[in-house]
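In what follows, a structure is listed as structure tokens, so that the remarks can point back to it.
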Amino acid sequence: MEITNIEKNELLGLVKNLYGYDFLGYSEASIKRRIIRFCDIHKIENYFDLRHHLLNEPELFSDFVLQVTVNITEMFRDPSFFIALKEKVLPSLATYPHCKIWHAGCSTGEEVYSMAILLREQHLTRATIFATDINAEVVGHAREATYSSKLMKAYTANYIQAQGSHAFSDYYTANYDMAIMNSPLKKNIVFSVHNLVSDGSFNEFNLIVCRNVLIYFNKDLQEHVIKLFYDSLSPLGYLALGPKESLFFSKYRDKFEVVDKHEKIYRKIE
Amino acid sequence: MSQNVSGATGYQGTGANSAINKKAKITHLFTLLAVGVAVLYAIIASLLHFYVLSLFCVGIVVAFGSCNLLNRYGYLDMARICLILSADAFVFYISGSLGEASSLRPLYFPLVCSIFMLFDLKDVNKIVALGAVSLGCLAIGEYTHYALFLIPFISQNTSQIISSSTFFASIATSIACIFYLVSVNTQSEKYLDRERLNNKSIIDNTDDIILLVNRKYEVEVMNIALERSFKRMFGDKFGIGSNVVDMINAIDGIPPQFKQWKSHYDRAFTGEKFSFEEKGQAPTGDFRYLETVFNPVLRGGEVTGVAIFIHDITARKNLEESIKRLNAGQKAIIDGGNYSIISVGLDGLVTSFNKGSEVILGYRADEIIGKFGPHDLIAKKQLMLVARQLTETLGTPVAPDFDIVKAIAESGIRENEWYVTTKSGQSIVLSSSITSLRNEAGDIFGYLIISTDNTEKKNAEAQLQKAAEEDRRRVWVNTGIADMGQLLRMRAESRSIFYGNVVQFVAGYIDARQANLYKVAEDEKGNHYLSHVAGYATDFQKTKKVLQFGESLVGQVAMELKTSLLKDVPTDYIKINSSLGEASPASIAIMPILFQDKLMGVIELASLKEFSPVEMEFMERANTVFGASIDLMDRQDHTQMLLRDSLELNEKLKTQEEELRVGNEELTEKGNLLQASEEELRVQQEELIHINESMEEKATLLEEQNEAILAKNAELESAREALKLKAEELEVTGRYKSEFLANMSHELRTPLNSILILSKLLAEGNEGNLNAKQVEFAHVIQKSGTDLLNLINDILDLSKIESRKIDLEIEDVPFSGVSYSMNSLFVELAKEKEVQFEVSIAHGLGETFKGDQVRTEQILKNLLSNAFKFTPKQGKVSLNIFKADPKEVYKNPHLSKSAHNICFEVKDSGIGISGEKQELIFEAFRQADGSTSRKYGGTGLGLSISKELALILGGELRLVSKSGEGSAFTLILPSVFDPDSARSNDVSGNFDPTPIVPPNPAVLAPSDTKMLESLAPSGSQGAAKRAKKLVLIIEDDVQFAKLLKNQAEEKGFDAVVTERGEQGLEKIQELLPDAVLLDIGLPGMDGWEVMRKMKENPKTSLIPVHIMSGNDNQHLGTELGAADFLLKPVSLQHLNAVFDKIQANEELIKQKILIVEDSQIQSIIVKKMLSNKGLDCIVADNGEKALEMIALHRPGIVITDLNLPDMNGADLVKQIKSNPDTSDINIIIYTGKDLGQKENEELSRYSDAIIIKSAKSQERLLDETTLFLKKVGKGKFPTHSVSTSAASFVGGASLKGKKILLVDDDMRNIFAISKVLENEELHVIVANDGKEALQKLESQPDVDMVLMDIMMPEMDGYEAMKAIRGQREHEKLPIIALTAKAMKGDRDKCMDAGASDYISKPIDINKLMSLVRVWLS
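Order-wise, the sequence lines are chains A and B. Okay, so the first sequence: first residue is 1 according to the working numbering, each after it adds one. Okay, so the second sequence: first residue is 271 according to the working numbering, each after it adds one.
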């Protein structure tokens, strides 16, 4: 099926009014692909059906949120990023008596646990991680911290590439094809639902990690979210974006300095 | 009758006369008499209401009349017949009506009369006689009065025929009548006598007293019992015939009631029968009850006397009494309960009806008892139903009346429920049990029905049932609707299948047996009609495919939009068919399918049963859903139709569009990426332009250069000659140097000798006065000395060789001599090192060669000692001497010229030398590996010397080696040495003809050099006093350097450019610039080196270095302490940012910084670091001093440690912050202490940053300091989460002293909110998470309000609020939730968790304050 921009905007407008979820600022091509994918899964053949079902069936909508928001993540994804964090960011964070880290768009939590592992290995015990996502379901999954044990092989490779100093298997327990992250890792993690589009700043952070989230947003929304991050960062706080994302085009570019150009790590300087 | 007779006489009496007239008169008289009697009878009969009788009397009169008339005119026979008939009728009906005649008897008479009349004409007399006899017999036999009617007959007859026999017969008849009467009388007399006797005995035999009194009060009859009692009482005074009244009056002591008896008699005489009961005392003393009955005796309608009966009823009375008592008890029981107890007699009428029944049923007992049966109270319908059921269960027919009661009682059914209508018309439910009442003999004499009012229970049950039903109904309906919804969402292959599915589903769900779905359609003219789209078990032949609105019921429904429900469907309406048969539906529902009041279609459903309301409800809801679905599909169809149309029209356009769209989407997809690369490209483009420009410039330069080169060629020529001279000079100088060295060596050796000798002496310790350590030292001195000496020797040797100060002694050298001396020199070493050593001389070599034996041996010795040095144990070293291959090509022309050459090959199985190192080892002071010198010792000059020597000897040295496999050095010498040729070739140095030219600093073209010169700063070069800041640019790309310089000058800096590392370093040390822009890839010394060198020198170590490089090694840059790292190509913006940064450094200087630190080293380090940034630092080593200095200097920043000698750093900080004059000073706590959470919180309130000392802490200290200074420069601190409004909080009562618990882990919020609240004189307690909040609440229960953040670690706000609400004492504590979330659901979630109110972040202080006021008021 196909969907026009007008239809897409109408649909998202209705969704916003009815459910409070604002996807209007999502990148056009991306959201359209997601909507069409959603329709394929549910065998919905045209826009009218889609609108009809979506507006009348709240259960269907929760799945819509799940499908429309992309939840792809892995542990120690882009190992070089974690190396950069370890070398360029964490030593500075260690100078704080207590530091707060915000994982915005944490999805199912793999990156959060990667961060927790990294913090442990760097003896940064005085840190709290706030992991948030728009989608309550994936936040629940993140909180559960159970992953398919098949994935653990790939994660282990990533971990080694990220120069992890222990055995990756120290951090999880696997059984019945599932692996659960060890609970001490969760000790300093707060999981919560947070909507980057509609919700405000809720704390002051020394590091905000928001990787591969902005790519789904259009320019205006990206700007809005960057402002939110800026407001939520402590002075000299760090912001880490995904490899394809950049502050280069943002109005806030001058308020940040580049810590690592390749890993897209920035620091708030004013 | 006389007339009749006279008439007849006139006719017949031709000869007769007066006699006849006379008789006629008599006859007439009789006739009149008879008629009169008849009339009289008729009148009496009518008066007595004997209408039949009177009627026939009239009939008789008529008959007589007509008889008379007939007779008169001569129809005698006829008259006679009439007469007989009338008589017969009269008799018959009189007797009949009186009931005294048997059915046959009346026939006698007419029969006889008829016979008589028939024969009368012939032999009248005989017949008459016969009749008379028979009549007589008859009369005598039974009925006297019959005879009477013979009289007129006879008299009639006499009037006609007078005969004696007839006359006699009449007399006989009369006599017979008299006889009869007499006999009857006698018989009755006898009968009476017998009766009397019988009566007497009966009367006498009863126990009762019987007395018969006549009107004169005289006793006529009395029985023995009375006689006896009279006799007992009165003696013989009284008896039959005595006057009762007198008798009573006469008796003394007679019970007074007897006195009234006269009146009783009088009363009885009036004809009334009555009785009364009396209680009297018997002579025996017992009380007796007597019943007296006065019974008037009637005789001929007149009361002739009174019969008196007196019964003794004592026994009965007693029984009655006891029964009454018993009944009263029972009645009380029966009436007392709340039960209805009804007893019924066998006749079906109620015999008792208790109070409970009255209450329940509303009827009074007297309204029911004896009048109604219980079944009369029950609803007829139920009676029928129960009757049917009972008939079925019992197998015997039960009528819907009292039978039911009987049947139930007999069948033993315990409980029954009856729907009964009360008097007031209310319908109630009674639960009853019916039992048979049996007498002693076991016969049923009635039934007892006990009932309770079950109406309420029943109603409750009914309600419950209704509710359950309702629930079930709802579930059923909802399930159906949900299933239907699912069905509707599913996409069928086609519309008709879809509709079919839906109809099938709906029909199936409500168990309809046939269904049709019509959909509204539109024809070409735009008229709407109904089209059959789907059916379920449809009879296709009968079903109309198309229906107009209003056509048939379906069309009607479509018009009215109202459901039509047919219940009693005519049998011929439709049939539900199966292959086996057909049936008529019980009901049919035709329903409109509407969507938003618009008709979408009509569905018709037929069922074998009636549709229940639930099913109707389901259908209605299903229709609504279905309607919406149809509408949706219609619109889809519509859209698709339009789409199809447009598709057809725009086919071509579409394909193009498609391609475009695909392209577009891909483009959009890569939007982010493209945009980025686009921007980057733009930057590169800019650079390209620059490069282009510089290329053009260079091109012109080149042209100029070409010209210049031509001119310069001549110059070069002369320069070369000059160089030649110079070279010669240089050689001479070199030789002088060598000579000097050679001399010098001697001077060195002399003192060394003495050191060696003396240290050896000491080491040998002959004196014995040195301890072991000292001896060891001496050994070391000696060894070192020896090493030094060897080194000096080698150097000397080399310099001698180089300066050609060697004298050769050419002689015939025997090979064996060389072999021998080598063997003897190394055989011991070989043994010691356990290395195999061999020396071989090839055959045909000759005995000797011409050369210098000593030098040759020196070379071989050198090679061999090296071989041994690098050959491990069990290895092999060999010296082979053989003739060189004549075809061999040589580098040294001596060898080429010589006829024979000799090879001395030194071969080992040592470590070998890798290819690239083979060149190096021959150079002076070099070894294959720097590390080998450590392992193997030696100066490394040996091979250089050998090489030089070989050269001098007219030969060369070759090396064949492989790393790890050993080496073979071959010394090749001519068999005959020619000293002249050797010497002549020295200088040209053909061994290595190209001299290694060191990197030439002057590679730049002259014009470049000029340009660089022009880039030099024009101003003074002194570091100390500069008007402008100086930037040193070290960059080898001239164009870029130029750009940088321009940029710097534009920004108000002085700029100096150098293109080489070494120069740059020099300039740095010379000029001490304010900043350095450094390239990494530089000719000569690279940027890294420059930087290292800079950092090594304390004078230059703190100059900020901004690296700009194409080499991405940012990491190294940061490690070396670069201020910035810009990757080339650098954009102008970044460049400007760099210059801004350099500029900003300047501004920092204006603020003073106080360092409070007791450790001097620490304070110096920090001070130095900051001072290097141009910051003005002052130091205090204790708290007191710090406070003094703060007062004095008013610094912008205080950096303090926590451990101070005189006070705690925390206290110092508090003092600074609590003093209003100094509260705006920025405070950085710089400590090595690991702070606890509590401490951290406390300190966070008073300080602006806390830095824990660690690897990167200095950097951060610098950053923080810079940041603060920057902020100071700009004014206010940015506010984040809390937007503090300038508006003052006016109005409202003072909140002073109220206690507020602020739960938040966000420091910004805590500070901002608590500050505002404290301004209002509220007391604020802080907790960092939910758990802590609960603890605080427990320890301080007097908290007036809680401000609760939601997203917190440990325990979040939701949980905390729930926990607080769970405590009884905090049920009403106001809690205001602070949350970053803005969505509807979040607010509800807060409220559900127990929040009193809600405020979203960023918090508007005004709003917060009004909330606080509201909730605290």
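The beta-carbon is built from N, C-alpha and C at its ideal position, and this holds for glycine as well.
Buried versus exposed, by CB contacts within 10 Å (16 or more), residue i
i: residue 1041 of chain B; result: exposed
i: residue 1470 of chain B; result: buried
i: residue 98 of chain A; result: buried
i: residue 265 of chain A; result: buried
i: residue 1315 of chain B; result: buried
i: residue 425 of chain B; result: Interpretation of residue 425 of chain B is limited by its pLDDT of 44, a score under 50 that renders its predicted location unreliable; no figure is taken from the coordinates.
i: residue 1550 of chain B; result: Residue placement at residue 1550 of chain B is flagged as unreliable, the pLDDT there being 41, under the threshold of 50; a coordinate-derived value is accordingly withheld.
i: residue 469 of chain B; result: exposed
i: residue 1534 of chain B; result: buried
i: residue 1301 of chain B; result: buried
i: residue 1053 of chain B; result: exposed
Per DSSP, the bridge partner or partners of residue i
i: residue 1394 of chain B; result: B:1376
i: residue 1084 of chain B; result: B:1118
i: residue 1512 of chain B; result: Per DSSP, none; premise fails for residue 1512 of chain B.
i: residue 861 of chain B; result: B:873
i: residue 1299 of chain B; result: B:1323
i: residue 854 of chain B; result: In the DSSP output, where bridge partners are listed per residue, residue 854 of chain B has none listed.
i: residue 1244 of chain B; result: B:1171
i: residue 1569 of chain B; result: B:1593
Chain C contact residues for residue i, given Cβ-Cβ distances below 8 Å
i: residue 79 of chain A; result: As a matter of chain content, chain C is missing from the structure shown, whose protein chains are A and B.
(request) Scan the region 529-583 of chain B and note each continuous beta strand (DSSP E) run of 3 residues or more that stays entirely inside, going in chain order. (result) The region 529-583 of chain B is shown to contain whole beta strand (DSSP E) runs of 3 or more residues at 544-551, 557-569 and 572-582, in chain order.
(request) Within the region 1107-1194 of chain B, note down every full beta strand (DSSP E) run reaching 3 residues or more, in order along the chain. (result) As far as the region 1107-1194 of chain B is concerned, its whole beta strand (DSSP E) runs of at least 3 residues are 1118-1121, 1146-1153 and 1171-1178.
(message) Beta carbons nearer than 7 Å to chain B: which residues of the region 11-36 of chain A have them?
(response) Listed by position along the chain: 20, 28 and 29.
(request) Compile a chain-ordered list of the residues in the region 189-212 of chain A whose CB is closer than 9 Å to at least one CB of chain B. (result) The residues in question are 189, 190, 192, 193, 194, 195, 198, 199, 200, 201, 202, 203 and 204.
(request) Using a Cβ-Cβ cut-off of less than 8 Å, list which residues of the region 43-68 of chain A approach chain B; keep chain order. (result) Interface annotation for the region 43-68 of chain A against chain B: 43, 45, 46, 48, 49, 52 and 53, criterion Cβ-Cβ distance under 8 Å.
(message) By the 7 Å beta-carbon criterion, what residues does the region 120-145 of chain A contribute toward chain B?
(response) Correct list: 128 and 130.
(request) Assess, as a yes-or-no matter, whether the region 712-722 of chain B is touched by the region 661-670 of chain B under the definition of 3 or more beta carbon pairs within less than 8 Å. (result) Taking one beta carbon from each stretch, the region 661-670 of chain B and the region 712-722 of chain B have fewer than 3 pairs nearer than 8 Å; the two do not touch.
(message) At 4 residues or longer, what runs of the alpha helix (DSSP H) sit wholly inside the region 104-169 of chain A?
(response) Within the region 104-169 of chain A, the runs of alpha helix (DSSP H) that reach at least 4 residues and sit entirely inside it are, in chain order, 110-121, 136-144 and 149-161.
(message) Can you confirm whether the region 161-168 of chain A touches the region 80-87 of chain A when touching is taken to mean that 3 or more C-beta pairs between the two stretches lie within less than 8 Å?
(response) Yes, the region 80-87 of chain A is in contact with the region 161-168 of chain A.
(request) Scan the region 1576-1637 of chain B and note each continuous alpha helix (DSSP H) run of 4 residues or more that stays entirely inside, going in chain order. (result) Complete alpha helix (DSSP H) runs here, min 4: 1577-1589, 1600-1609 and 1627-1635.
(request) Evaluate contact between the region 34-47 of chain A and the region 235-247 of chain A, counting only Cβ atoms and requiring at least three cross-stretch pairs below 8 Å. (result) A contact is defined here as three or more CB-CB pairs under 8 Å, and the region 34-47 of chain A fails this definition with respect to the region 235-247 of chain A.
(request) Count the CB pairs spanning the region 1619-1635 of chain B and the region 1568-1577 of chain B that are closer than 8 Å, and state whether there are at least three. (result) With the cut-off at 8 Å, the region 1619-1635 of chain B and the region 1568-1577 of chain B touch.
(request) Report yes or no: do three or more beta-carbon pairs, one from the region 1404-1412 of chain B and one from the region 1447-1460 of chain B, lie closer than 8 Å? (result) Contact fails: fewer than three Cβ-Cβ distances are below 8 Å.
(message) Would you call the region 1179-1191 of chain B in contact with the region 1222-1232 of chain B, where contact means no fewer than 3 C-beta pairs closer than 8 Å?
(response) In short, these stretches touch, since the Cβ pair count reaches three.
(request) Kindly confirm or deny that the region 210-223 of chain A and the region 174-192 of chain A touch, where touching means at least three C-beta pairs closer than 8 Å. (result) As far as the Cβ criterion goes, the region 210-223 of chain A does not touch the region 174-192 of chain A, which means the pair count is below three.
(message) Taking contact to mean 3 or more Cβ pairs, one atom from each stretch, closer than 8 Å, check whether the region 1081-1099 of chain B and the region 1107-1121 of chain B are in contact.
(response) Flag = yes, the region 1081-1099 of chain B and the region 1107-1121 of chain B touch.
(message) When you compare the region 616-630 of chain B with the region 709-717 of chain B, are there three or more beta-carbon pairs, one atom per stretch, that lie closer than 8 Å?
(response) For the pair of segments examined, the region 616-630 of chain B was found to touch the region 709-717 of chain B: the number of CB pairs separated by less than 8 Å reaches three.
(request) Mind checking the region 148-177 of chain A against chain B and listing, in chain order, the residues whose C-beta falls within less than 8 Å of any C-beta there? (result) The residues in question: there are none.
(message) Quick check: the region 1235-1249 of chain B against the region 1088-1106 of chain B, are at least 3 beta-carbon pairs closer than 8 Å?
(response) Inter-segment contact for the region 1088-1106 of chain B and the region 1235-1249 of chain B is absent: fewer than three beta-carbon pairs are separated by less than 8 Å.
(request) Would you check if the region 128-145 of chain A and the region 101-109 of chain A touch, i.e. whether three or more CB-CB distances between them fall below 8 Å? (result) Short answer: they touch.
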